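Peer 1:
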Amino acid sequence: MSIGDWPLPEWFWYPVIFGYGAIVGSFLNVLIYRLPLGKHLSNPPSTCPNCNYALTFWDNIPLLSFLSLRGRCRLCKVPISWRYFCVEMVTACLWTLLYHQVATNSPLSWVDFVLQALIISVLVALVFIDLDHFIAPDELNIVIAVFAFGRDIATVALAYFIGGDALKEAVGRYTYMGWLPVAVMGALAYAGVLFALSVGTFVYYARLERESVVACIIRYFRFDEEEVVPSVAAAEVDSESNVLVAESTEDETADPPRLAMSPAFLCAISAAVLFPLIQWFALVAFVLPLLLFVFITREEGEAFATATGRFFRSADLGPPTSTDKSAKAAHDDAAAFAKEAETGQHGGMGLGDVKLAIGLGAILGPGLALLSLGFATFVGAVTGISMAAKHGRTLKLSLPFVPFMAAGAIITMLYGTQIVGWYMNILYPPAPRTLSAGEIIREQKRLERRQLERSRITDPTVEKPAKN
81 MSIGDWPLPE
91 WFWYPVIFGY
101 GAIVGSFLNV
111 LIYRLPLGKH
121 LSNPPSTCPN
131 CNYALTFWDN
141 IPLLSFLSLR
151 GRCRLCKVPI
161 SWRYFCVEMV
171 TACLWTLLYH
181 QVATNSPLSW
191 VDFVLQALII
201 SVLVALVFID
211 LDHFIAPDEL
221 NIVIAVFAFG
231 RDIATVALAY
241 FIGGDALKEA
251 VGRYTYMGWL
261 PVAVMGALAY
271 AGVLFALSVG
281 TFVYYARLER
291 ESVVACIIRY
301 FRFDEEEVVP
311 SVAAAEVDSE
321 SNVLVAESTE
331 DETADPPRLA
341 MSPAFLCAIS
351 AAVLFPLIQW
361 FALVAFVLPL
371 LLFVFITREE
381 GEAFATATGR
391 FFRSADLGPP
401 TSTDKSAKAA
411 HDDAAAFAKE
421 AETGQHGGMG
431 LGDVKLAIGL
441 GAILGPGLAL
451 LSLGFATFVG
461 AVTGISMAAK
471 HGRTLKLSLP
481 FVPFMAAGAI
491 ITMLYGTQIV
501 GWYMNILYPP
511 APRTLSAGEI
521 IREQKRLERR
531 QLERSRITDP
541 TVEKPAKN
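Numbered as in our numbering, the sequence shown ends at 548 without a single skipped number.
1) Just the C-alpha distance for Ile222 and Ala271, rounded to the nearest angstrom, thanks.
2) Between the stretch 163-183 and the stretch 224-239, do at least 3 Cβ pairs fall closer than 8 Å?
3) Name the residue from Leu143, Ile141, Asn109, Gly488 whose alpha carbon lies nearest to the alpha carbon of Pro557.
4) Under 7 Å, Cβ to Cβ, is there at least one residue of chain D near Phe392?
5) Specify whether the stretch 363-381 and the stretch 193-212 touch according to this definition: at least 3 beta carbon pairs, one from each stretch, less than 8 Å apart.
6) Give me the Cα-Cα distance between Ala172 and Arg150, rounded to the nearest whole angstrom.
7) Are the CB atoms of Val236 and Tyr254 nearer to each other than 7 Å?
8) Going by Cα to Cα distance, which pick from Val182, Leu174, Ala102 is closest to Leu354?
9) Based on DSSP bridge pairs, tell me the residues matched to Pro261.
10) Quick test of the definition: if touching needs 3 or more C-beta pairs under 8 Å, does the stretch 500-511 touch the stretch 364-371?
11) Tell me, to the nearest whole angstrom, how far the beta carbon of Cys347 is from that of Ala365; I am working on the premise that it is less than 8 Å.
12) At a cut of 8 Å, does the stretch 438-454 reach the stretch 484-497 through at least three beta carbon pairs?
13) Identify which residue in Leu135, Pro336, Leu288 has its Cα closest to the Cα of Ala416.
14) The alpha helix (DSSP H) spanning Lys157 covers which residue range?
15) If contact is defined by three or more beta carbon pairs under 8 Å, each pair taking one atom from either stretch, is the stretch 177-186 in contact with the stretch 151-158?
16) Going along the chain, which residues of its own chain have a beta-carbon closer than 6 Å to the beta-carbon of Ala197, five neighbours each way excluded?
17) So, for Ala418: in the same chain, excluding its five sequence neighbours on each side, which residues have a beta-carbon less than 8 Å away from its beta-carbon?
18) Going by Cα to Cα distance, which pick from Val434, His471, Leu143 is closest to Ala267?
19) Where does Val323 fall in DSSP's three states?
20) For Gly447, report the span of its alpha helix (DSSP H) as first-last.
21) Kindly confirm or deny that the stretch 405-415 and the stretch 454-463 touch, where touching means at least three C-beta pairs closer than 8 Å.
22) If you run the structure through DSSP and keep just helix, strand and coil, what is Ser186?
23) Would you mind sorting Arg526 into buried or exposed? The rule is 16 or more other CB atoms within 10 Å of its CB.
24) Give the C-beta separation of Ala269 and Gly441 to the nearest angstrom, bearing in mind that I take them to be a contact with Cβ-Cβ under 8 Å.
25) Taking all protein chains shown into account, decide if Ile521 is buried (16 or more other Cβ within 10 angstroms of its Cβ) or exposed.
26) Whole angstroms are fine: how far does the CA of Met504 sit from the CA of Tyr113?
27) Ala383 by DSSP, collapsed to three states: which one?
28) Considering only their Cβ atoms, is the gap separating Ala234 from Val191 smaller than 7 Å?
29) Could you tell me which of Val207, Val158, Thr388, Ala437 sits nearest to Ala225, measuring between CA atoms?
30) Tell me the residue span of the alpha helix (DSSP H) that contains Pro343.
31) Under three-state DSSP, which class holds Ala276?
32) Could you work out which residue in Leu115, Leu247, Gly99, Lys157 is closest to Leu144 when comparing CA atoms only?
33) Could you please give the first and the last residue of the uninterrupted alpha helix (DSSP H) stretch that includes Ile233?
34) For Thr388, which of helix, strand or coil comes out of DSSP?
35) Let's see if you can read the secondary structure: which residues bound the alpha helix (DSSP H) around Cys296?
36) Cα separation between Asp331 and His471?
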């Protein structure tokens, strides 16, 4: 029995999928905080990072617990980062729209939906981890690759047991030549392009004076093992000691600008994601969190406009307050990396981005993978230019590329096929069909009858033509 045969209305599955997405989003919050610190994901159970209070079941209900606690720990009353609420809501909304776009009564579509939904969830975690720590953990890149390659294998295997049209559909959609998984070609295409960009940008930004291109490429592959050397663009040679010394062009005590998100930004994304489903009612996903934010965070005597303004700033969406020394050390490491990135010594793109491209290319296939890269490049370029202009910096900003890769991949998963179809219709509009002689005569008679009917409406004296 397929899901479409169950005695339940179609709309029933949308809140169910939304709920499952929120539950996964709740787990992502744990993943985002613990994985970069090397902590176990389930032991100890969820605790307050500030006072180590062990959360109860009622403290872990997605979305609702945060609101019932008014955004504060039950024990120490320290404010909880609004990231927890926003990650749960964004994940739930993305799951719901993906279900609308992908899932049908076909079992193959449900396999596709579940694995794509899990990949989107991992991408959400990678976005915040990269924003916080400038890393894309290999564990998550491997998970995405396993899900992506597993999608093609699982759908073809399931279709083989179902047989008939399902097997033809799966082989035609998920393989080339009936045996080569689309994931293989997509991974080679996306990762290949990004690997070339990674090496090229490293040579461009991090190549030292009088260093050959070959030597620079060798240093690229040994970069994680060797001591970081400042680039010539931000260094000068001490004439007495012949040692490279970093040349400071900015205030060394000032933290460089970093990409951050506000609660308003994530709630706006949630509303935009829900818009194709419920139209203008999707504004509830923005307006309601705004009102709740002001109600929960507004201090006594604080103006309403001031509390509303904080909703549009990133201060309330940062990492959770923690007394853990490892969290403080990780924060300091990220701040140091951000300063180093502006010198160009880390190049323009790391190998973590290339590893992520393997999984994204595998789930999208070669054509959609390159479309995804185009979206990522465009959004990244606009963001980088805007931040450089705002802060008066060069384009050597400490901007992680994973958030843009994730944005491009998610847009392509949701709308890639429609975008390609729309573009092809513009590029190659369908030719009008030529009418036969008989069709032309029938069309002329149809137009004459329509004109006569209009004349009779305006002038009732017009006689009805006799039938032949």
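Using N, Cα and C, we set each Cβ at its ideal position, and we do this for glycine too.
Source: prediction; values computed, not measured.
Peer 2: In short:
1) 14 Å
2) Contact annotation: the stretch 163-183 does not touch the stretch 224-239, with fewer than three C-beta pairs closer than 8 Å.
3) Residue 557 is absent from the model: the chain starts at 81 and stops at 548.
4) Looking for chain D here will not work: only one protein chain is present.
5) no
6) Per the coordinates, the alpha-carbon of Ala172 lies some 21 Å from the alpha-carbon of Arg150.
7) yes
8) Leu174
9) Thr255
10) no
11) 6 Å
12) yes
13) Pro336
14) Taken as a continuous stretch (DSSP letters only), Lys157 belongs to no alpha helix (DSSP H), as it is neither H nor E.
15) no
16) Trp175, Leu178
17) Phe214, Asp335, Pro336, Arg338, Ser478
18) Cα-wise, what sits closest to Ala267 is Val434.
19) Reliability of the predicted coordinates at Val323 is poor, the pLDDT of 40 falling under 50, and no value is obtained from them.
20) 446-471
21) no
22) Here DSSP, grouped into helix, strand and coil, assigns Ser186 to coil.
23) Here Arg526 is exposed. Its C-beta has fewer than 16 other C-beta atoms within 10 Å.
24) About 6 Å separates the two Cβ atoms, so the contact holds.
25) exposed
26) 43 Å
27) coil
28) yes
29) Ala437
30) 343-358
31) Helix, per DSSP.
32) Gly99
33) Secondary structure note for Ile233: its alpha helix (DSSP H) is the uninterrupted segment 218-242.
34) helix
35) 293-301
36) In this predicted model, Asp331 has a pLDDT of only 48, less than 50, meaning its place in the structure is not dependable; the value taken from the coordinates is given anyway. Approximately 13 Å between the Cα atoms of the pair.
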